[in-house]
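Here's the structure, in structure tokens; my notes come after.
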Amino acid sequence: MTTEEAKIRIEDLSRKIDEHNYNYYVLSQPIISDYDFDVKLKELIDLETKFPKLKKADSPTQRVGGEITKEFKQVTHKYRMLSLGNTYSEDEIIDFDQRIRKILTDDPEYVCELKYDGVAIGLTYVDGLLLNAVTRGDGIQGDDVTTNVKTIKSIPLKLHGKYPKEFEIRGEIFYPHQGFENLNTERLEIGEQAFANPRNAASGTLKMLDSGEVANRPLDCYLYLLYGDNLPHLNHYDNLQAAKKWGFKISNNVAICKNTDEIIEFIHDWDTARKSLSFDIDGVVIKVNSSQQQKVLGFTAKSPRWAISYKFKAERVLSELISITYQVGRTGAITPVANLHPILLGGTIVKRASLHNSDIIEQIDIRIGDQVYVEKGGEIIPKIVSTNLAKRKKESIPIKYITHCPECGHELYRNEGEANHYCLNDAQCPPQIKGRLEHFISRKAMNIDSLGEGKIEILYDQKLVRNIDDLYSLNYETLLGIEKIIPATEDKKQRKVSFKDKTTRNILSGIKKSKDIPFEKVLFAIGIRFVGGTVANILAQHFKDIDKIKMASYDELISTDGIGDKIANSVIDYFSKEENIALIERLKLRGLRFILEQSEENITTYLEGKSIVVSGKFNDYSRDQLKELVTKNGGKNISSISKNTHYILAGENMGPVKLTKANKLHIPIINIETFEEMIHKKRR
Ligand code: IVH
Numbered sequence: 008m009t010t011e012e013a014k015i016r017i018e019d020l021s022r023k024i025d026e027h028n029y030n031y032y033v034l035s036q037p038i039i040s041d042y043d044f045d046v047k048l049k050e051l052i053d054l055e056t057k058f059p060k061l062k063k064a065d066s067p068t069q070r071v072g073g074e075i076t077k078e079f080k081q082v083t084h085k086y087r088m089l090s091l092g093n094t095y096s097e098d099e100i101i102d103f104d105q106r107i108r109k110i111l112t113d114d115p116e117y118v119c120e121l122k123y124d125g126v127a128i129g130l131t132y133v134d135g136l137l138l139n140a141v142t143r144g145d146g147i148q149g150d151d152v153t154t155n156v157k158t159i160k161s162i163p164l165k166l167h168g169k170y171p172k173e174f175e176i177r178g179e180i181f182y183p184h185q186g187f188e189n190l191n192t193e194r195l196e197i198g199e200q201a202f203a204n205p206r207n208a209a210s211g212t213l214k215m216l217d218s219g220e221v222a223n224r225p226l227d228c229y230l231y232l233l234y235g236d237n238l239p240h241l242n243h244y245d246n247l248q249a250a251k252k253w254g255f256k257i258s259n260n261v262a263i264c265k266n267t268d269e270i271i272e273f274i275h276d277w278d279t280a281r282k283s284l285s286f287d288i289d290g291v292v293i294k295v296n297s298s299q300q301q302k303v304l305g306f307t308a309k310s311p312r313w314a315i316s317y318k319f320k321a322e323r324v325l326s327e328l329i330s331i332t333y334q335v336g337r338t339g340a341i342t343p344v345a346n347l348h349p350i351l352l353g354g355t356i357v358k359r360a361s362l363h364n365s366d367i368i369e370q371i372d373i374r375i376g377d378q379v380y381v382e383k384g385g386e387i388i389p390k391i392v393s394t395n396l397a398k399r400k401k402e403s404i405p406i407k408y409i410t411h412c413p414e415c416g417h418e419l420y421r422n423e424g425e426a427n428h429y430c431l432n433d434a435q436c437p438p439q440i441k442g443r444l445e446h447f448i449s450r451k452a453m454n455i456d457s458l459g460e461g462k463i464e465i466l467y468d469q470k471l472v473r474n475i476d477d478l479y480s481l482n483y484e485t486l487l488g489i490e491k492i493i494p495a496t497e498d499k500k501q502r503k504v505s506f507k508d509k510t511t512r513n514i515l516s517g518i519k520k521s522k523d524i525p526f527e528k529v530l531f532a533i534g535i536r537f538v539g540g541t542v543a544n545i546l547a548q549h550f551k552d553i554d555k556i557k558m559a560s561y562d563e564l565i566s567t568d569g570i571g572d573k574i575a576n577s578v579i580d581y582f583s584k585e586e587n588i589a590l591i592e593r594l595k596l597r598g599l600r601f602i603l604e605q606s607e608e609n610i611t612t613y614l615e616g617k618s619i620v621v622s623g624k625f626n627d628y629s630r631d632q633l634k635e636l637v638t639k640n641g642g643k644n645i646s647s648i649s650k651n652t653h654y655i656l657a658g659e660n661m662g663p664v665k666l667t668k669a670n671k672l673h674i675p676i677i678n679i680e681t682f683e684e685m686i687h688k689k690r691r
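Take the sequence shown: its letter number 76 is residue 83 in the numbering used here, and every next letter is one higher.
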């Protein structure tokens with residue numbers, strides 16, 4: 008194929024793929040099968056690989072992400088990004104309408120829209136191409152998150168129709184419910200904290216530095232406001248409809264209302280109907296339609312006078328506070344939890360609410376027996392917002408926060424300036440020991456999955472393991488025949504676990520295999536506070552030997568790229584305890600790896616935590632060479648595609664089955680150039 012022929016084909020494929028993306032992600036009406044789409048995308052990827060000069064910034068292949076940002080550039084907004092005045096009652100809507108009518112000479116017409124609960128974004132288009140995407144920031148300047156936003160399939164990279172030469176369109180990026188639940192399930196599986204609500208997930212995702220990772224997440228975006236000198240119409244509604252024709256995702260749930268009765272009807276309808284939406288909204292936005300009238304009304308310091316938001320009331324119920332229990336985490340942190348009289352809230356029965364820490368208990372001034380207001384905003388765990396003082400029982404007394412650990416009785420300690428109390432009896436406190444064991448065997452650490460699903464707890468209860476090195480003295484005879492009835496919990500039935508021959512062998516082989524786990528994972532597994540996966544990798548690569556980390560001074564630690572004061576102090580604290588040093592010596596004797604082997608030395612840690620499938624044929628590399636590069640840069644090679652795959656490095660002739668699977672699971676397919684960029688960029 009000549010370059011000229013390739014150019015024509017690339018243009019044709021790009022246009023078709025853009026159209027199919029639009030049909031699928033904006034209109035939700037795909038007209039071709041996933042397979043046919045994948046074949047086109049694959050052809051385009053191949054052509055761009057062969058003719059890299061023909062790859063354009065607005066190519067649909069850009070949506071797979073891959074570019075890594077070190078830090079987001081600050082961009083000044085051309086039009087200040089203001090917020091909206093909030094109202095919570097119908098009376099306030101009537102006041103708003105009256106205020107407006109006083110200023111205007113003609114009757115206003117209003118546009119009512121949904122208030123999407125996500126992250127505000129401003130998209131600038133020049134000559135029909137997405138120039139940049141900027142977050143609100145402080146309203147004057149925001150973060151340039153263009154690379155991440157390009158991975159959102161419902162945001163057009165290139166417009167069609169008759170659009171203005173230059174304009175800005177604003178909207179809300181949000182995380183749909185289904186995707187949010189999947190994301191949290193996956194995060195909990197790998198020991199990461201779940202996002203409290205879809206809004207946090209959207210904002211966390213948008214700020215990720217690895218756009219390839221963003222491409223894996225199903226962010227979506229509705230657009231709701233246009234700015235520019237040459238907008239096609241003199242009212243907001245028609246401009247929105249025009250933007251729909253240019254390729255933007257504009258909601259159909261927009262209504263023109265002539266008076267407050269119609270506005271209030273829209274609000275009532277959506278307060279009920281919102282429960283059936285596949286994403287969160289937290290209210291309704293009411294805007295004056297005419298651009299001319301908007302101009303007359305102008306702005307206050309913070310918000311336009313021509314628009315207001317009505318916020319739905321968070322569901323709130325009254326319930327009795329029966330008791331407070333205190334949970335102890337792996338690090339010894341104490342979390343108070345309120346036990347409530349069961350009550351229906353937002354469709355589920357709520358029995359517990361989070362209280363976070365002692366300050367919150369003091370602030371709300373709750374007492375046992377109080378009638379408390381419980382709210383479920385976007386949060387997973389409901390919270391207590393206040394207490395009904397009028398109904399307080401005379402004999403009630405203020406809550407005395409515990410002074411001793413509820414699990415081991417050790418005195419609690421609170422660092423100045425920190426919100427949480429801690430139990431410092433880490434060596435003997437059962438939930439801390441169990442938590443450490445669970446962390447040690449977890450997938451990102453020693454990956455002993457044969458001990459998962461409660462088995463480690465059984466070993467603890469049977470007094471067979473107290474410390475992580477006890478795992479390495481377990482044998483067939485001690486394990487075989489162990490049985491335990493696991494009592495029913497709220498969401499699981501009672502079940503019996505018994506260690507038969509196969510289970511026992513599996514456990515022992517899992518433990519044995521863990522001796523091959525590389526140093527950086529072992530370092531993560533031993534559970535030094537604040538030393539997560541990335542930090543463990545940095546320390547391992549830099550110091551190469553646990554004894555060097557043990558001997559490192561504060562200054563040496565802190566001068567390592569990526570290690571701050573908090574981590575340095577925690578590392579020093581860990582190695583100042585004799586029992587920790589003794590534990591490491593015992594683990595060394597068991598054969599665990601505490602030295603970075605030469606072959607493990609990464610060129611970069613760039614692919615850290617990334618599982619990559621290498622597929623197809625490559626001109627300049629053998630597949631084995633590429634696989635070696637993956638490991639040398641901290642990544643992991645896997646042979647088959649699953650939802651846990653991060654990238655597929657595709658060469659020529661990647662099988663169509665793989666391609667379909669990758670696209671179904673939304674796994675980014677990268678070419679060799681992108682891969683080289685990924686690993687060369689961070690070469691140290
Ligand atoms: S219009 C001058 N329309 O709510 C501000 N905002 O509290 C014009 N939002 O910053 C904003 N849905 O992030 C507008 N249909 C909608 C909206 C909406 C959600 C967000 C947006 C805004 C915030 C104001």
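For glycine and all other residues, C-beta sits at the position ideal for the given N, C-alpha and C.
This structure is a prediction, so every number in the text was calculated from the model and none was measured.
Return the residue from the list the options that minimises the CA-CA distance to residue i.
i, options, result
"arginine 374", "Ser330, Gly339 and Phe601", "Ser330"
"arginine 597", "Ala589, Leu603 and Glu604", "Ala589"
"leucine 216", "Ile180, Pro171, Val156 and Phe255", "Val156"
"alanine 345", "Leu352, Pro437, Val357 and Arg337", "Val357"
"isoleucine 648", "Ile162, Ser618 and His446", "Ser618"
"lysine 252", "Asn93, Gly144 and Tyr29", "Tyr29"
"glutamine 301", "Leu633, Lys60 and Thr112", "Thr112"
"alanine 127", "Arg106, Ile159 and Phe181", "Phe181"
"arginine 473", "Pro437, Ser285, Phe582 and Ser210", "Pro437"
Could you give the distance in angstroms between the alpha-carbon of residue i and the alpha-carbon of residue j?
i, j, result
"glutamate 680", "aspartate 45", "20 angstroms"
"aspartate 433", "aspartate 468", "17 angstroms"
"aspartate 456", "proline 205", "30 angstroms"
"aspartate 540", "leucine 328", "Strictly speaking, residue 540 in this sequence is glycine, with aspartate absent from that position. Cα to Cα, the separation comes out at about 39 angstroms."
"isoleucine 565", "serine 310", "44 angstroms"
"tyrosine 244", "valine 118", "7 angstroms"
"arginine 323", "asparagine 189", "27 angstroms"
"glutamine 501", "lysine 491", "11 angstroms"
"leucine 466", "serine 622", "42 angstroms"
"histidine 673", "histidine 27", "15 angstroms"
"isoleucine 350", "lysine 383", "12 angstroms"
"valine 141", "valine 82", "7 angstroms"
"glutamate 12", "histidine 275", "57 angstroms"
"threonine 10", "phenylalanine 58", "7 angstroms"
"histidine 653", "phenylalanine 682", "13 angstroms"
"lysine 222", "asparagine 454", "In the sequence as displayed, the identity of residue 222 is alanine instead of lysine. Near 27 angstroms, if we compare the C-alpha coordinates of asparagine 454 and alanine 222."
"serine 40", "threonine 638", "36 angstroms"
"isoleucine 110", "threonine 307", "14 angstroms"
"glutamine 299", "glutamate 615", "54 angstroms"
"lysine 470", "glycine 416", "20 angstroms"
Just curious, the alpha helix (DSSP H) that residue i is in, first and last residue?
i, result
"phenylalanine 447", "437–448"
"glutamate 586", "585–597"
"leucine 666", "663–671"
"asparagine 422", "Neither: asparagine 422 is in no alpha helix (DSSP H) and is coded neither H nor E."
"histidine 549", "540–550"
Excluding the five sequence neighbours on either side, which residues of its own chain have a C-beta within less than 6 angstroms of the C-beta of residue i, listed in chain order?
i, result
"leucine 232", "Arg177"
"isoleucine 388", "Ser361"
"tyrosine 420", "Tyr429 and Leu431"
"tyrosine 333", "Ile341, Pro343, Ile409 and Pro413"
"aspartate 102", "none"
"glycine 658", "Gly623, Lys624 and Phe625"
Ordered along the chain, which non-local residues of its own chain (more than five positions away) have a Cβ less than 7 angstroms from that of residue i?
i, result
"lysine 80", "Asp151"
"glycine 461", "Ile493 and Val504"
"glycine 135", "Lys165, Leu166 and Tyr170"
"leucine 121", "Ser258, Asn260, Trp277, Ile288 and Val291"
Near residue i, which residues of its chain fall below 8 angstroms by C-beta distance, leaving aside the five closest residues on each side in sequence?
i, result
"arginine 690", "Residue placement at arginine 690 cannot be trusted, given a pLDDT of 37 that sits under 50; the coordinates are not used to answer."
"glutamate 592", "none"
Would you mind reading off the limits of the beta strand (DSSP E) that contains residue i?
i, result
"arginine 177", "173–181"
"tyrosine 117", "117–123"
| request: Starting from the N-terminal side, write out each stretch of the beta strand (DSSP E) that is 3 residues or longer and does not extend beyond the region 373–412. | output: Listed in chain order, the complete beta strand (DSSP E) runs (minimum 3 residues) inside the region 373–412 are 378–383 and 390–394.
| 4 or more residues per run - each alpha helix (DSSP H) lying fully within the region 35–81 | The DSSP assignment places 41–57 as complete runs of the alpha helix (DSSP H) inside the region 35–81, in order along the chain (cut-off: 4 residues).
| Complete runs of the alpha helix (DSSP H) confined to the region 190–262 [at least 4 residues] | 205–213, 218–222 and 243–253, all fully within the region 190–262.
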